[in-house]
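For reference, the structure is listed below as structure tokens.
Number of protein chains: 2
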Amino acid sequence: MRTSIATVSLSGSLTEKLTAASRAGFDGVEIFENDLLASPLSPEEIRARCADLGLSIDLYQPMRDIEAVPAEEFARNVRRARHKFELMRRLGADTVLVCSSVHPLAVDDDALAADQLHQLADLAEEFGIRVAYEALAWGRHVNTYGHAWRIVEAADHPALGTCLDSFHILSRGSDPKGIADIPGEKIFFLQLADAPLLAMDVLQWSRHYRCFPGQGGFDVAGLVRNVLGTGYDGPLSLEVFNDVFRQAEAGPTAVDAHRSLLVLQETVGVATPPAPVVPTGVAFAELVTPDAEPVAAVLGALGFARAARHRTKPVDLWQQGEARILVNTSGSARRTGTGLAAIGLESPDPAGAARRAEALLAPVLPRRRAAEDAPLDAVAAPDGTELFFCATDRPELPNWRADFVDGAGVPHGTDDNEGSHGADVTGGPHRTGVHRIDHLALTQPWHHFDEAALFHRSVLGLHAQESVDVADPYGLMRSRAVTNADGSVRIALGVGAAPTDDTVHAQHIALATSDVVGAARRFREAGGRLLPIPANYYDDLAARHEFADGELETYRELGILYDRDAHGEFRHCYTMTVGRVFFELVQRDGYRGYGAQNAPVRLAAQHTARAVIGG
Amino acid sequence: MRTSIATVSLSGSLTEKLTAASRAGFDGVEIFENDLLASPLSPEEIRARCADLGLSIDLYQPMRDIEAVPAEEFARNVRRARHKFELMRRLGADTVLVCSSVHPLAVDDDALAADQLHQLADLAEEFGIRVAYEALAWGRHVNTYGHAWRIVEAADHPALGTCLDSFHILSRGSDPKGIADIPGEKIFFLQLADAPLLAMDVLQWSRHYRCFPGQGGFDVAGLVRNVLGTGYDGPLSLEVFNDVFRQAEAGPTAVDAHRSLLVLQETVGVATPPAPVVPTGVAFAELVTPDAEPVAAVLGALGFARAARHRTKPVDLWQQGEARILVNTSGSARRTGTGLAAIGLESPDPAGAARRAEALLAPVLPRRRAAEDAPLDAVAAPDGTELFFCATDRPELPNWRADFVDGAGVPHGTDDNEGSHGADVTGGPHRTGVHRIDHLALTQPWHHFDEAALFHRSVLGLHAQESVDVADPYGLMRSRAVTNADGSVRIALGVGAAPTDDTVHAQHIALATSDVVGAARRFREAGGRLLPIPANYYDDLAARHEFADGELETYRELGILYDRDAHGEFRHCYTMTVGRVFFELVQRDGYRGYGAQNAPVRLAAQHTARAVIGG
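Sequence lines, in order, name chains A and B.
1 is the number of the first residue of the first sequence in our numbering; add one for each residue after it.
616 is the number of the first residue of the second sequence in our numbering; add one for each residue after it.
Next up, the structure:
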């Protein structure tokens, strides 16, 4: 029989996957949509590559959440499907996988599902395409192969058949004997996977995934309140079975563990460490680099001006609006290359913030680096990043800014970013509308990701959002953001796919602008290089959203990515990487996330570019 | 409140864990039994260490499967408990955790459970010990904290209370409000853990744990037969979402994927690759080493004689009974150090075995290394180990043995291991009763563990046993054995805790002897060094099993480990490591396993010894 493999089953870029499949002797492939979106090859080039490699494209997949929805929603789905059928024609793929819906609007109405799938098949037929409808094991209403087949049978269309997947059938314990009732010619496709018979039960959960209080989702504090209510006066003891902690160095894990109990005791009211002092903004981000020029070139092109220099140290202050970036070329950077070394957090009470941090076992750093410097409270985060608790130009407090001597150009402390930034030796004055740092993204040591979230939450008083998985071509990453209430401090904590992966995924500084298109253009005009985004990404955007005339073309030209959530829209683009750092320009119109939807495309583009322009 | 942490929550040796807990500011610890068993410190020394570090020992844990069992079983449990109470007295621990039973003999009888726990508490009281009874979330009959408390209340004994664990309570969604009904003084202990709210459901299973057909537990072939029965004539296509494959190099993964489909097609009868030729024994194991002397010293002490030398290559044949080990000092070993490089498998049809391997995409190695050598069929396993398909002294087939020229000493091919091995330049002649290689343990590349099992199963026709988790002090390992029907070929495939872990866990050669005590003694007398096993391990053996007078003392003296299963007993001990290789002496009296029960103790002892005596 002919053999085929879905590109999602293999690691790497789409072309690496195709080459590996061909060499191993496969006859064909299923193209997984995300692999296509992330590929710099056009559909025609992918088609030609497959032909050269002797591979047929047996399936394009998946199309989701199509059927059994209200008419208006279905009209949007048909529009999206038409885009994908056009793509498939370019690709030379004649079968598309449609998974049973998991959409909240999908209704439990087989007749409606059959009718809408019939309409979809009508459209597909115009393109010479067959639709293979498959029951996901977790489909909202259709989750067994028998159910999917009944709908296909009722729809009764020559271009509509079913797709069987061994995982979806066997994971639910369905009896495959019933397959005999389906005519072979109506089985358009057969996907195979095995799986370990995982007892995905409470025992596995307990043995491998426990974590310290505050790192998970349990209301441990509520339980402890109940226990204390009985008069219990024994110890609070941690018993945590966790595969990652088993590998991690015991010292930091123990500190993290103890911190979790201190916070827990505070929460239940039996301990009163100094109260958290939540930061109100980002005073600065500090880059260390052995060579300031590549960093200066990017900052200059981004519209930053070199505003001041530290009085005693080789540290320059670059500024635009309220976005301040320190560039430090002192000795230690020679060893580590260009990286994000410190964050200045604007604090209502710097000394209080430091007391809180110290009480929660954060390593406190020396307050004063040189005799003449302003005293600065600082602690080290679990990943080694230095966190400074700062006051910027507040008369009653030591002013870190006073250690910097203004150069030519912008007077310090201005809130006016409309043209007041003077010329500078490195970058020209031009407005990109950057007014502040939107967020900072830090890569965490693999073994201490949970620790980092607890640290930022408890020590800094930030709120931790849910952790999300992000597919990188070479593994699965996790990301979790911590923020203050008004979003003026946002830190995205990321972790690579494997313990060895520390350096692959760079840190970055995201700069807020009110006009990302203008900012991107001016960055390019000033000689900056933006990360190229594959054209396939924009074809997909066109299928998913409607844009004003020319809008999408502009994004495509500049490499601007797009997302939206219930609160608004998000447009963002990336610079090439300097050392371990890159910059993002973001225009956030109410949107609350970080573009996680686009992260796989960005990560693949970074692998493609492997574009380290310095450092 | 006082804070405490279970040693299982941290990585490393017991002393590393205690130090980390103390430095982080904990007041006390729970001693996890396995950490004590694996520690070279005596209970008194552990007690003193804790005192020095300012740590109290708040709990000894766990004691399992005690209650609600038939009288005879309970008598054994009381005997075991008495041993542990004596241990706790030495340790200075005054509270023991008893988990609700998961034993198959446990009955659903609260009155019996209460009565037996009362008896246990009576015994504990003699030692000044309190028993804290806890409901495991997966307990056989008792799995909620309310149920455990009702039994404690009914037992009504001052030395019996309950232990609450936030994981066991919250993971089941129990309402912690009911805790108010328990008097605080009857809550003897409180264990805390959080956990991510994992939807451990079919979606997670699908997204992260799929694997190729034959690597998991599904009857994929049965399903495919059903589909083919319908007349389906599309491709067999693999769609596998797997976190490990996402990171693994695409080339080997694709080969493994294609192999899985070839085997699947054979199973369902639509393809007929050459039939498997199951090996009937181990002809030899081949070590490569840059320096033969340390290996020769160990082999000599193990009772092997240097029997012959390869006619053209720097390879010595060491032999004892039917156990043959080649020691290869050719150039390539200089780069890789001492390791297990090849296995000779005795094959009924070497050429047929090679044809099978080639048809299933195994890389075939050149048949003849030098013009005058006997042609040898060989393939590379996924970990790079060379597998030779051999015939030993079978007239109709090329004889690998004929390439070796006998030296002084044993004539080749003898079945007589009673004194016929002559003296040798390196080792003295003495009988350790080694008659064959029992099994070979190979460490697999982290990203290709599932591939290795499928390879050995499909290419060699071996049977793959279930995979087991083994706790190493620095992470969790997995191990899976593949064997032929009569157990004359056994290969244990192991994988480390993390991708970085390739070299930590050595390969080993296990040698079968009918008298491991005698063999160990003679090995030591000949100057060999055995891996020291902690005394605590033997105290635990005494609690778990009854031995003849002096038997346990002998094991303790020599470092012999003990296990039993439904089929018989197992006694085994280990040499120190040479390069990446160590040897095991095993006496297998019907027992079918590999001593996985003892592996954590062995691994900890190896970390303690860090005893590389050469290579």
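Glycine included, C-beta positions come from ideal geometry on N, C-alpha and C.
Exposure label - residue i; buried when at least 16 CB within 10 Å
i: B:E741; result: exposed
i: B:D1186; result: Per the sequence shown, the amino acid found at residue 1186 of chain B is Arg instead of Asp. By the 10 Å Cβ count, B:R1186 comes out buried.
i: B:A726; result: exposed
i: A:D415; result: Confidence is the limiting factor: at A:D415 the pLDDT is only 39, short of 50, which leaves the residue's position unreliable and the question unanswerable from this model.
i: A:D156; result: exposed
i: B:V684; result: buried
i: A:K177; result: exposed
i: A:L603; result: buried
i: B:D673; result: buried
i: B:P719; result: exposed
i: B:P1088; result: buried
i: B:G1234; result: The displayed coordinates of chain B run from 616 to 1230. Any statement about residue 1234 of chain B would go beyond what the structure contains.
i: A:V227; result: buried
i: A:T513; result: buried
i: A:T272; result: exposed
8 Å contact criterion, which residue i and residue j should meet: CB distance rounded
i: A:Y594; j: A:F582; result: Their Cβ separation, rounded to whole angstroms, is 14 Å, which puts A:Y594 and A:F582 out of contact at 8 Å.
i: A:A510; j: A:V586; result: 5 Å
i: A:I5; j: B:A912; result: Not really, about 50 Å apart at Cβ, beyond 8 Å.
i: B:S875; j: B:G829; result: 5 Å
i: B:S1094; j: B:V1104; result: Not a contact, Cβ separation roughly 17 Å.
Straight-line Cα distance separating residue j from residue i
i: B:A996; j: A:E30; result: 29 Å
i: B:L800; j: A:H208; result: It should be pointed out that residue 800 of chain B corresponds to Glu in this sequence rather than to Leu. Taking the straight line from one Cα to the other gives about 32 Å.
i: B:G837; j: B:V1216; result: 41 Å
i: A:P62; j: A:V98; result: 6 Å
i: A:S13; j: B:E864; result: 11 Å
i: A:R89; j: A:I129; result: 8 Å
i: B:D931; j: B:V910; result: 11 Å
i: A:P534; j: A:T554; result: 14 Å
i: A:E293; j: A:L302; result: 14 Å
i: B:H1036; j: B:A920; result: With a pLDDT of only 39 at B:H1036, under the threshold of 50, the placement of this residue in the model should not be trusted; the figure read from the coordinates follows. Each residue's alpha carbon lies about 6 Å from the other.
i: A:E266; j: B:L807; result: 15 Å
i: B:A993; j: B:F1070; result: 14 Å
i: B:R984; j: A:C50; result: 39 Å
i: B:T927; j: A:D52; result: 46 Å
i: B:F1019; j: B:T1058; result: 29 Å
i: B:A923; j: B:D1065; result: 38 Å
i: A:H607; j: B:R939; result: 49 Å
i: A:P576; j: A:D35; result: The amino acid at residue 576 of chain A is misidentified as Pro; the sequence shows Met. Taking the straight line from one Cα to the other gives about 22 Å.
i: A:V78; j: A:S100; result: 15 Å
i: A:R521; j: A:L531; result: 13 Å
First through last residue of the alpha helix (DSSP H) which encompasses residue i
i: B:S619; result: Segment T618 to A621 is the beta strand (DSSP E) holding B:S619; no alpha helix (DSSP H) there.
i: B:P658; result: P658 to D667
i: B:E740; result: D725 to E741
i: A:I692; result: Chain A is shown only over 1 to 615; residue 692 of chain A falls outside these bounds and no answer can be derived.
i: B:F641; result: Premise fails: B:F641 is in no alpha helix (DSSP H) and is neither H nor E.
First through last residue of the beta strand (DSSP E) which encompasses residue i
i: A:W318; result: V315 to Q320
i: A:L511; result: Q507 to T513
i: B:A1219; result: Element bounds for B:A1219: not the beta strand (DSSP E) but the alpha helix (DSSP H), A1214 to A1224.
i: A:N484; result: No beta strand (DSSP E) contains A:N484, which DSSP labels as neither H nor E.
i: B:L1057; result: V1049 to T1058
With 7 Å as the limit, tell me which residues of the segment 99 to 120 of chain A have their beta carbon closer than that to any beta carbon of chain B; keep them in chain order.
From the segment 99 to 120 of chain A, no residue has a Cβ closer than 7 Å to chain B.
With 9 Å as the limit, tell me which residues of the segment 53 to 66 of chain A have their beta carbon closer than that to any beta carbon of chain B; keep them in chain order.
S56, D58, L59 and Q61
Tell me which residues of the segment 454 to 485 of chain A have at least one Cβ-Cβ distance to chain B shorter than 7 Å, keeping chain order.
Y474, G475 and L476
According to a CB-to-CB cut-off of less than 7 Å, which residues of the segment 3 to 34 of chain A neighbour chain B?
Flagged, chain order: T3, S4, I5, A6, V8, S9, L10, S11, G12, E16, K17, A20, A21, R23, A24, G25, F26, D27, G28 and E30.
Between the segment 216 to 238 of chain A and chain B, which residues of the former have a C-beta closer than 9 Å to a C-beta of the latter?
Listed in chain order, the positions of the segment 216 to 238 of chain A with a beta carbon within less than 9 Å of a beta carbon of chain B are G216, G217, F218, D219, V220, G222, L223, V224, R225, N226, V227, L228, G229, T230, G231, Y232, D233, G234, P235, L236, S237 and L238.
Taking a Cβ distance cut-off of 8 Å, strictly less, list which residues of the segment 1209 to 1221 of chain B are near chain A, in chain order.
none
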